[in-house]
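Shown next, in structure tokens, is the structure this report addresses.
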Amino acid sequence: MSKTPTAANSGKPGRAGKVTIVDIARAVGLDKSSVSRALGDNGKISAATRTRVRQAALELGYQPNVAARQLRTGGHLAVGLAIPVKVLDLYIVVKTIQELSLLALERKVILSVISCPSTEPGHFMADGILAWGDIPFDDIQALCVNGSPFVVIDPNNPSYLNRTGPCVRIDNAGGATAVMDHLMGHGAKRLLFVKAQEGHIGHDERFAVARAAWLKKRPLHTITTCLFRELTDEHLKAFAAEPHGAIFCSNDQGAIAVWHRMAKLGIKAPENLMLAGFDGDPYGELFGLTTAVVDAAKLAKESFDLLLALMDRTAKGHSRTVPVELRAGSTS
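Sequential numbering from 351 applies to the sequence shown in the numbering used here.
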């Protein structure tokens with residue numbers, strides 16, 4: 351009968367305290383080559399054995415030596431990009447995926463997209479995982495069954511609250527502050543913050559920072575907030591009827607939708623109402639939307655570089671932040 355990993359039979363880790371394939375083989379009662387094939391997703395190994403070996407690798411804290419694997423196999427690195435289908439309509443997501451694809455091509459890395467939630471967690475045996483931040487933390491952990499490192503891009507699912515780990519963040523605070531300074535500098539005296547997404551750490555942070563920046567120069571009664579789904583035409587008309595008003599949407603997708611509704615109602619920007627968004631969607635640029643622009647190329651490169659550094663164990667720090675720049679347009 352094959353063994354399962356326990357404190358009694360797992361043995362001591364390999365040199366320098368690192369868990370090796372030999373340790374996993376000892377724990378599950380298999381030879382080293384069988385364990386290697388199981389971790390490599392070899393079709394000659396049964397699904398049950400693969401599952402048992404990967405579970406042991408996870409429990410023992412095994413981390414594959416990527417450099418050694420490349421020398422041994424002559425193969426390319428394989429990176430999984432885990433992303434929920436629901437965010438593929440967002441410009442910043444699509445643009446970042448395009449930039450990651452270019453980086454992978456340039457560096458001869460295989461980039462495979464993993465749609466989440468995955469029906470078979472861990473089936474794709476990647477050397478490393480990039481995960482868009484809408485994926486819950488536990489789901490990302492399930493994808494890393496062979497101890498592969500991961501990097502979260504823009505961690506915004508509520509499951510990341512009070513958690514630390516490898517990630518690349520968008521400077522939501524800097525962007526929101528820049529937008530507030532710009533609107534107030536152009537005479538805005540009333541603000542309506544429209545939150546485009548609910549249960550989203552980034553959008554919550556944009557609101558909190560925008561509110562704090564606004565209240566440094568304007569009284570409390572001059573700022574209101576609502577969810578995008580709560581914003582009615584009557585609400586828009588009433589807000590635009592008073593002078594010196596501005597709307598800040600937590601992303602450009604929401605701001606573009608508001609701009610279309612304003613146009614339908616005969617509300618002009620910035621004459622009747624100033625309007626600003628966040629992300630840098632090029633469609634908004636067509637009509638001059640003021641926004642905080644996220645550098646998707648920088649977001650992709652920082653994420654890719656951090657993952658590769660984690661894979662070869664040369665990473666210095668596990669968290670990076672991508673700056674955001676204001677693009678002042680004709681809507682303000």
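Each residue gets a CB set at the ideal place from its N, CA and C atoms; glycine is no exception.
Nothing here was measured: the structure is a model prediction, and the numbers come from that model.
A contact is defined here as three or more CB-CB pairs under 8 Å, and the stretch 428-442 meets this definition with respect to the stretch 453-461. Residue environment for residue 504: buried (at least 16 other C-beta atoms within 10 angstroms of its C-beta). Approximately 6 Å separates the beta-carbon atoms of residue 510 and residue 487; this is inside 8 Å, confirming the contact. For residue 573, the enclosing beta strand (DSSP E) covers residues 573-577. Within the same chain, and ignoring the five residues on either side of residue 563 in sequence, the residues whose Cβ sits closer than 6 Å to its Cβ are 527 and 530. Between the C-alpha atoms of residue 597 and residue 437 there is a straight-line separation of about 24 Å. In the displayed model, residue 630 falls within coil according to three-state DSSP, outside both helix and strand. When the five nearest sequence neighbours on each side are left out, the beta carbons in the same chain lying within less than 7 Å of the beta carbon of residue 659 are those of 665, in order along the chain. Secondary structure note for residue 527: its alpha helix (DSSP H) is the uninterrupted segment 522-535. Membership of residue 436 in any alpha helix (DSSP H) is not indicated, and neither H nor E is assigned to it by DSSP. For the pair residue 657 and residue 516, the CB atoms are nearer than the 9 Å cut-off. Residue 555 counts as buried, since no fewer than 16 other beta carbons sit within 10 angstroms of its beta carbon. Straight-line measurement puts the Cα of residue 622 at about 43 Å from the Cα of residue 432.
Residue 552 sits in a helix when the DSSP states are folded into three classes.
Nearest neighbour of residue 601 by Cα position, chosen from 567, 538, 655 and 550, turns out to be 550. Residue burial is scored here from C-beta neighbours: residue 681 has at least 16 other C-beta atoms within 10 angstroms and is therefore classed as buried.
Minimum Cα-Cα distance from residue 668 among the listed residues 376, 652, 613 and 525 corresponds to 652. Assignment of residue 396 by DSSP, reduced to helix, strand and coil, places it in the coil class. Here the alpha carbon of residue 641 sits roughly 59 Å from the alpha carbon of residue 379. When DSSP states are grouped into helix, strand and coil, residue 515 belongs to the coil group. Contact between residue 594 and residue 679 does not hold, since the beta-carbon distance rounds to 18 Å and is not under 8 Å.
No residue range can be given for residue 369, since it is assigned to no alpha helix (DSSP H) and is classified by DSSP as neither H nor E. The C-alpha of residue 620 lies about 41 Å from the C-alpha of residue 465. If you check the CB distance, residue 630 and residue 607 do not come in under 9 Å. Secondary structure at residue 606: helix, using DSSP grouped into helix, strand and coil. In the DSSP assignment, residue 635 forms no beta bridge with any residue.
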